[in-house]
Amino acid sequence: MATDLAASSGKGAGYAIHIHIPGQRMVTYHRGAALLEHPVPITSRTVFNVGSVAKQITAHLAVSQVDALPLDRAVSDILPRFQIRDVTLRDLICHHGGVRDAESMLALAGLRDLDHYTSQDLLALAYRQTARAVPRGQFLYSNTGYVLLTAAIEAAHGSDIQSLSSELIFRRLNMKQTVFKRDASQVIPGSCRAYRRCHGQDAALSRPVSIAGPGALWTSATDLERWLAYVSDCWPASAEHHAFGDAVPYLASDREAGHYGAGLYTAASNPRVVVHHGHEHGFSASTYLTQGGAYVICLSNNGNLNAAIISEKLVAALATGTDSLDMLVDTDGFGQLVKGPTLDHSPIQPMSQHQWLGDFESVDVPGTIRITYADGVVHLWRKGTGYRLYPGSSGGSRHFGPGFHLVAGADSLRVGFILNMDRAPGLEYKPITAANHPWPPQRTSSD
33 MATDLAASSG
43 KGAGYAIHIH
53 IPGQRMVTYH
63 RGAALLEHPV
73 PITSRTVFNV
83 GSVAKQITAH
93 LAVSQVDALP
103 LDRAVSDILP
113 RFQIRDVTLR
123 DLICHHGGVR
133 DAESMLALAG
143 LRDLDHYTSQ
153 DLLALAYRQT
163 ARAVPRGQFL
173 YSNTGYVLLT
183 AAIEAAHGSD
193 IQSLSSELIF
203 RRLNMKQTVF
213 KRDASQVIPG
223 SCRAYRRCHG
233 QDAALSRPVS
243 IAGPGALWTS
253 ATDLERWLAY
263 VSDCWPASAE
273 HHAFGDAVPY
283 LASDREAGHY
293 GAGLYTAASN
303 PRVVVHHGHE
313 HGFSASTYLT
323 QGGAYVICLS
333 NNGNLNAAII
343 SEKLVAALAT
353 GTDSLDMLVD
363 TDGFGQLVKG
373 PTLDHSPIQP
383 MSQHQWLGDF
393 ESVDVPGTIR
403 ITYADGVVHL
413 WRKGTGYRLY
423 PGSSGGSRHF
433 GPGFHLVAGA
443 DSLRVGFILN
453 MDRAPGLEYK
463 PITAANHPWP
473 PQRTSSD
């Protein structure tokens, strides 16, 4: 029996929740608007961008075609422009390829928030990389690894990811609303839009992006039910088996006591549960599946409500019984689950008023960046956009900005520096020209 606990109440953007426990009732809960511009409520058939939840489908597509495309094959055999020769398709699936995440580097490459970019732009950055960013065998979560995986699948089969997925997965599972969006102008029937509320106003968060594969899957909660039912059916009942684990082993990941396999995370202590979250331009998504077929699906178009955290709250409530679940969703007990930024967003004074420290370039990222100093703070500039970098708690050579930190030598920037981004570590920048000022800079009475 299915129970819909609420009929799309709420005036703002919201979420769709589907919960299934074998032998018990199915619960669906829909809240908020799919489109704020029109009175369109969220339903079980509303289509969301599910971000990295798509990785489990992309990985399965590779695994299901292993006879035609062996997973131990080097990526460079299929994509000759890829220069890291010892990375295999299996490495990409498990995030053990050491490939820096190109999306993390877009700002360094000169793109701004509303600039259009495609998977080809990300591949161009991936093809510049000449060595693993982390040692072999070490996990580095990389969306670009899945862009490469998608490109390899398409090259090997001579067909695009949407056509292959439609033929091999979507049609067979009756996932009629699921599509990989290939072009930013493509119309997705039934789709919603993402929003974030800030300072009392709703802001639309859509961006002109087209990335085939890991970040461009649009689907509904109903279609994800069909997908998770398929994963459950394919999952052997024995305790030692992971979902799709026969083809792709689950290896150590970035989560404490967690492993990563065929586009899915699992706890090392509990291989009977697989989960993946996704975040893409204001959308968020989460799937949680047990070996016995129980699942939780949460899709959100509200940038202030993180589907991953909602899912965790739902799973915790289920552990204490469905009454706790009813209370949680009936009272909308999720709150605002994304905190606002804590960084200083006050205007940065013009670059002409800064002390120039140098211009730098990297073989891994096109273009140059400039380092300056003003108001007692180091600044990093790319195409006229500046970012403040604050010294670490211990002082010295490390300076931290939004999503990255800079590590320089003890004396000056004349030998360059290393820029470490969360998913793109070890970017080496060499000076084009640099001032011989002491590093780190010291505040003066005129600052």
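Count the sequence shown with the working numbering and you get residues 33 to 479, in order. Backbone N, C-alpha and C define an ideal beta-carbon position, used for all residues, glycine too.
Pairwise C-alpha distance: residue j and residue i
i: residue 294; j: residue 347; result: 22 Å
i: residue 417; j: residue 406; result: 15 Å
i: residue 89; j: residue 202; result: 10 Å
i: residue 372; j: residue 206; result: Because residue 372 sits at a pLDDT of 43, beneath the cut-off of 50, its placement in the model cannot be relied upon, and the following sentence gives the value as read from the coordinates. Going from the Cα of residue 372 to the Cα of residue 206 covers about 39 Å.
i: residue 465; j: residue 445; result: 10 Å
i: residue 277; j: residue 92; result: 11 Å
i: residue 296; j: residue 283; result: 11 Å
i: residue 73; j: residue 169; result: 46 Å
i: residue 288; j: residue 172; result: 14 Å
i: residue 302; j: residue 286; result: 16 Å
i: residue 452; j: residue 401; result: 14 Å
i: residue 43; j: residue 65; result: 6 Å
i: residue 70; j: residue 238; result: 16 Å
i: residue 324; j: residue 264; result: 7 Å
i: residue 58; j: residue 430; result: 51 Å
i: residue 291; j: residue 305; result: 11 Å
i: residue 274; j: residue 329; result: 20 Å
i: residue 266; j: residue 298; result: 16 Å
i: residue 258; j: residue 78; result: 15 Å
i: residue 343; j: residue 97; result: 32 Å
i: residue 63; j: residue 349; result: 19 Å
i: residue 513; j: residue 198; result: In the structure displayed, the chain extends from 33 to 479; residue 513 sits before or after that span and is not available.
i: residue 351; j: residue 235; result: 36 Å
i: residue 157; j: residue 378; result: 31 Å
i: residue 424; j: residue 434; result: 13 Å
i: residue 268; j: residue 204; result: 20 Å
i: residue 345; j: residue 109; result: 44 Å
i: residue 436; j: residue 312; result: 19 Å
i: residue 218; j: residue 231; result: 31 Å
i: residue 167; j: residue 152; result: 26 Å
Contacts around residue i, its chain only, beta-carbon distance under 6 Å, and the 5 residues preceding and following it disregarded
i: residue 85; result: 308, 310, 317 and 319
i: residue 119; result: 107 and 129
i: residue 470; result: none
i: residue 192; result: 186
i: residue 380; result: 418
i: residue 382; result: none
i: residue 248; result: 212 and 213
i: residue 9; result: It is not possible to answer for residue 9, since the shown part of the chain is limited to 33 through 479.
Within 8 Å, strictly: CB atoms of residue i and residue j
i: residue 225; j: residue 124; result: no
i: residue 81; j: residue 229; result: no
i: residue 432; j: residue 440; result: no
i: residue 165; j: residue 132; result: yes
i: residue 408; j: residue 463; result: no
i: residue 116; j: residue 162; result: yes
i: residue 194; j: residue 214; result: yes
i: residue 183; j: residue 100; result: no
i: residue 159; j: residue 87; result: no
i: residue 397; j: residue 140; result: yes
Sequence-distant residues of the same chain with beta carbon closer than 7 Å to residue i, five excluded per side
i: residue 142; result: 399, 414 and 415
i: residue 281; result: 293
i: residue 19; result: One cannot answer for residue 19 here, as it falls past the ends of the chain, which runs 33 to 479.
i: residue 211; result: 194, 220 and 250
i: residue 404; result: 383, 386, 387, 388, 389, 411 and 413
i: residue 138; result: 149
Nearest-angstrom beta carbon gap, residue j and residue i [assumed within contact, 8 Å]
i: residue 326; j: residue 54; result: 6 Å
i: residue 7; j: residue 422; result: As shown, the chain starts at 33 and ends at 479. That puts residue 7 outside it, with no answer to give.
i: residue 46; j: residue 334; result: 6 Å
i: residue 174; j: residue 454; result: Not a contact, Cβ separation roughly 11 Å.
i: residue 200; j: residue 185; result: Between residue 185 and residue 200 the Cβ distance is about 11 Å, and since that is not below 8 Å, they are no contact.
i: residue 180; j: residue 111; result: 7 Å
i: residue 410; j: residue 473; result: 7 Å
i: residue 459; j: residue 384; result: Not a contact, Cβ separation roughly 27 Å.
i: residue 190; j: residue 209; result: Contact flag wrong, Cβ pair sits at about 27 Å.
i: residue 134; j: residue 176; result: 4 Å
i: residue 321; j: residue 260; result: 5 Å
Cβ-based neighbour list, residue i, same chain, cut-off 8 Å, excluding 5 preceding and 5 following
i: residue 103; result: 94, 95, 120, 121, 122, 125, 279 and 280
i: residue 374; result: Legend: pLDDT at residue 374 = 49, less than 50; position of this residue unreliable, value from coordinates given subsequently. None.
i: residue 468; result: 444 and 446
Neighbour flag for residue i against chain D, beta carbons, 8 Å
i: residue 301; result: No chain D is part of this structure, which consists of one protein chain only.
At 4 residues or longer, and completely inside the region 247 to 285: list those alpha helix (DSSP H) runs for me, N to C.
For the region 247 to 285, whole alpha helix (DSSP H) runs of length 4 or above, ordered along the chain, are 253 to 266.
So within the region 181 to 224, which uninterrupted beta strand (DSSP E) runs reach at least 3 residues, ignoring any that extend past its ends?
Entirely contained in the region 181 to 224, not one beta strand (DSSP E) run reaches 3 residues.
Residue ranges of each alpha helix (DSSP H) within the region 75 to 140, 4 or longer
87 to 96, 107 to 110 and 121 to 125
Counting only runs of 3+ residues fully inside the region 383 to 413, write out the beta strand (DSSP E) ranges in chain order.
387 to 394 and 397 to 406
Run through the region 308 to 347 for me and flag every whole beta strand (DSSP E) of 3 or more residues, listed as ranges in chain order.
As far as the region 308 to 347 is concerned, its whole beta strand (DSSP E) runs of at least 3 residues are 315 to 322 and 327 to 332.
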